[in-house]
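Count the sequence shown with my numbering and you get residues 31 to 323, in order.
No residue lacks a Cβ here, since even glycine has one placed at the ideal position from N, Cα and C.
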Amino acid sequence: MDFNDVYFTVGQFAEFNHVPAQTLRYYDQIGLLKPSHYNEQTGYRYYSITQCATMDIISHMKSLKYSLKDIKWYLETNDQDWLVSSLVEKQKSIEQDIDHLNKLNAVIKRKLRDYHTYANYPMPGTTFIEVIPQRHIFKYDTGINYYYNENDSANYEYMLRVFKRKLAEHKIPDEYYFNVSSIMSKASLLSGQFRTTELFVFISDNDHDLFPYTETIPPNIYFCMICDDSKNETACIHEMIRQITERGCTIIGPYICEVVSEFLSAVCDERQMILKLQIPITFNSYVESGSST
């Protein structure tokens with residue numbers, strides 16, 4: 031059988047190539063793929079078997095996210111240099127998307143880990159001792175005091191705007207904007223006149239190159255407390271210091287207020303945050319391992 035003499039109606043060609051007949055009519059309309067034969071007496075249009083090759087090229091380029099306009103231009107020009115160049119650009123874009131998705135996946139894993147970990151923490155207001163390994167952070171001084179007015183969340187929101195601008199300057203992915211935590215110097219902590227203008231985010235192991243600089247928080251024994259209402263944070267800190275002193279321990283570093291989770295309250299239009307308050311300590315006398323109150 032000579033297949034060169036085989037012709038297909040629109041419906042047959044559509045079925046043969048697994049595309050809707052409406053799609054073929056549209057391709058004909060825009061000049062992307064016109065039937066090779068036309069019967070003036072019947073008005074029928076026919077496709078030849080060799081046009082399946084063009085149909086395959088169109089389908090393949092569509093799967094590579096080329097527009098119909100670009101596909102039509104390529105079929106008309108057969109510009110191989112343009113094709114190679116455009117494929118290189120598409121590859122770069124896909125690699126960037128993959129990188130972004132990997133980072134997003136890492137953040138989601140971390141958030142899920144934090145939620146599962148929080149479920150196993152003691153009740154809010156209960157102190158506990160935890161050995162926390164080395165962590166890496168990106169820290170920035172916003173110039174706004176976090177503790178200016180503890181009963182008003184506005185100062186924290188202003189700090190976040192400043193911090194977010196800093197992240198944007200260095201094109202840090204948006205997923206790092208959430209769970210922004212604060213850190214306060216040992217001197218300010220011990221003074222009882224709490225003050226800090228510094229916010230930070232924890233950095234994933236593979237993301238150090240994204241940040242202009244990083245700092246390392248060394249492994250330590252931490253005296254901790256979960257706080258489920260930021261308005262109670264300073265009262266919780268005072269209680270933690272009291273218990274640390276009572277137990278004969280010494281504070282050896284800065285205080286960390288880690289935002290373990292946060293969500294928006296539909297009622298009060300404020301961030302509802304779960305805080306893990308952490309003060310690094312050393313023991314001056316024997317303290318029962320894992321003791322809590």
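Selection 107, 278, 192 and 153 evaluated against residue 258 yields 153 as nearest (Cα-Cα). Beta-bridge pairing by DSSP links residue 171 to 228.
Between the alpha carbons of residue 281 and residue 151 lies a distance of about 22 Å. In this structure residue 234 does not touch residue 303 by the C-beta definition: roughly 21 Å separates them, more than the 8 Å allowed. The beta carbons of residue 256 and residue 311 sit no closer together than 8 Å. Per DSSP, the continuous alpha helix (DSSP H) segment holding residue 102 begins and ends at 98 to 107. A distance of 8 Å or more separates the beta carbons of residue 275 and residue 168. Secondary structure of residue 190 (DSSP, three-state): helix. For the stretch 110 to 175, the full-length alpha helix (DSSP H) segments reaching 4 residues or more read 110 to 149 along the chain. For the stretch 236 to 301, the continuous alpha helix (DSSP H) assignments of 4+ residues that do not extend past its boundaries occur at 263 to 276, in sequence order. Around residue 161, the same chain offers 251 as residues with beta carbons nearer than 6 Å, after the five sequence neighbours per side are excluded.
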